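Everything in the sequence shown is counted per my numbering, starting at 329 for the first residue and increasing by one.
Take a look at the structure below.
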Amino acid sequence: MIFFQLSFYILLEFFDIMRKAVFDGQFYESDFEKLDEQIDRCFTGRFGPGDLPVKRHKKIYGVISPHAGYMFSGGGMAWSYKEIAEAEFAKTYVILGVNHAGFGRKFVCSLEDWESVFGAVKVDRDFADKLMKKSELKVDEETHIREHSIEVQLPFLQFVNKNKLKELRILPILVNCDDYEELKKFGEVLGGFKDVIVIVSSDFSHVGKNYGYLPFRYNLKESVYEMDKKAMELVSKLKSKEFFDFKKDKTICGGNVIVVGIEAVKKMGSKSGRILHYYSSGDVVEDYKNFVGYGSLVFE
């Protein structure tokens, strides 16, 4: 088994095997300069923090970042990545994504480097190997090809680390598990490693007939916003079990991923999360028949 893993790593290096960008031109711009301008606007525009990041000066353990098209969730993503940009540079950025397809094993990583409009992003294979030895994490490249929740985070991560691109390392992990104890255990194992920042890729409530979810008959927008606020408050208090139970009948697509993130940052030393910003796709298009909530949080 060890020989097989070593051979696999050598093949990846020798043949420069890479997970190609799949969702550029759909979720975000496919041209380098246009993408750079698009992300800049996400920071300075209506739904973003209002300005670009300043110098690194603080310690964080992780963030929650939305993962829709930049036209919709880019402002929320900018809030989270401003925190990453202003925090100490991490040895490894673990990106926890949603396995929307629901196929495959519970926790799967990719060992291929990832193509981006801004250039290749290196995967920390040594860290992956250490985590696989201590957890149920397995390699599954095929599942990662079909999933957007991790890919859309990469241009933002590169944008805020422009002067560190050669040193930038990631570990992409998709979560397909609905058992609280298993989610908790994996998060605790992940949180046992140092020099890591966890990026949890998740949107909040998906509401409307298109999503098959209409939880309120009246005051839909206001009621959903209150519901998402309650969810974010539980997350910010690091109450993973209460959040897990709360989200069971909700449409928070990365709910289980958030549980892993909470347990990981708690193990790392986080004392609380902080809600940075919240809005919805309904605010962007000014139509609330069908909308998705975007919450941005940081763990300190």
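Ideal Cβ placement from N, Cα and C applies to all residues, glycine included.
Fair warning: this is a prediction, and the values are worked out from it, not measured in the lab.
Residue i, DSSP secondary structure in three states
i, result
"F332", "Its pLDDT being 48, under 50, F332 is placed unreliably in this model, and the value from its coordinates should be taken loosely. Three-state result, F332: helix."
"F342", "With a pLDDT of 47 at F342, under the threshold of 50, the predicted position of this residue should be treated as unreliable, though the coordinate-derived value follows. The answer is helix: DSSP assigns F342 an H, G or I state."
"V480", "coil"
"Y421", "strand"
"L485", "helix"
"Y616", "coil"
"F400", "helix"
"V451", "strand"
"D577", "helix"
"V587", "helix"
"S438", "coil"
"K466", "strand"
"R347", "strand"
For residue i: DSSP bridge partner residues
i, result
"K594", "DSSP lists no partner for K594."
"Y356", "D352"
"V426", "V503"
"I412", "Paired residues: none, contrary to the question."
"S608", "G621"
"F375", "Looking at the DSSP assignment, F375 forms no beta bridge with any residue, so it has no partner."
"R433", "Paired residues: none, contrary to the question."
"G601", "F627"
Element boundaries [alpha helix (DSSP H), containing residue i]
i, result
"F360", "F360 to T372"
"E470", "E469 to I473"
Span of the beta strand (DSSP E) around residue i
i, result
"G390", "G390 to S393"
"D525", "A small correction: the amino acid at residue 525 is Ile; Asp does not occupy that position in the sequence shown. From DSSP, the beta strand (DSSP E) with I525 extends over V524 to S529."
"L384", "As written in the sequence, residue 384 is Arg, which differs from the Leu given in the question. That residue, R384, is in no beta strand (DSSP E); it is neither H nor E in DSSP."
Residue i CB to nearest heavy atom of the ligand HEM below 6 Å
i, result
"Q481", "Annotation note on the ligand HEM: not contained in the displayed structure, which lists no ligands."
| At a cut of 8 Å, does the stretch 531-549 reach the stretch 614-621 through at least three beta carbon pairs? | yes
| said: Going residue by residue through the stretch 513-571, where are the continuous alpha helix (DSSP H) segments of at least 4 residues, counting only ones entirely within it? | reply: 548-564
| message | Check whether the stretch 486-502 and the stretch 597-616 touch, using three or more Cβ-Cβ pairs below 8 Å as the test. | response | no
| request: Evaluate contact between the stretch 378-389 and the stretch 406-419, counting only Cβ atoms and requiring at least three cross-stretch pairs below 8 Å. | output: yes
| query | Does the count of Cβ pairs from the stretch 414-428 and the stretch 567-578 closer than 8 Å reach three? | reply | no
| said: Closer than 8 Å is the cut-off here; do at least three beta carbon pairs connect the stretch 583-597 with the stretch 363-372? | reply: no
| request: Count the C-beta pairs between the stretch 438-446 and the stretch 469-477 that are closer than 8 Å, then say yes if the count reaches three, no if not. | output: yes
| request: Please determine if the stretch 559-574 and the stretch 480-498 are in contact, where contact requires at least 3 C-beta pairs separated by less than 8 Å. | output: no
| query | Does the stretch 450-461 touch the stretch 476-488, meaning 3 or more C-beta pairs lie closer than 8 Å? | reply | no
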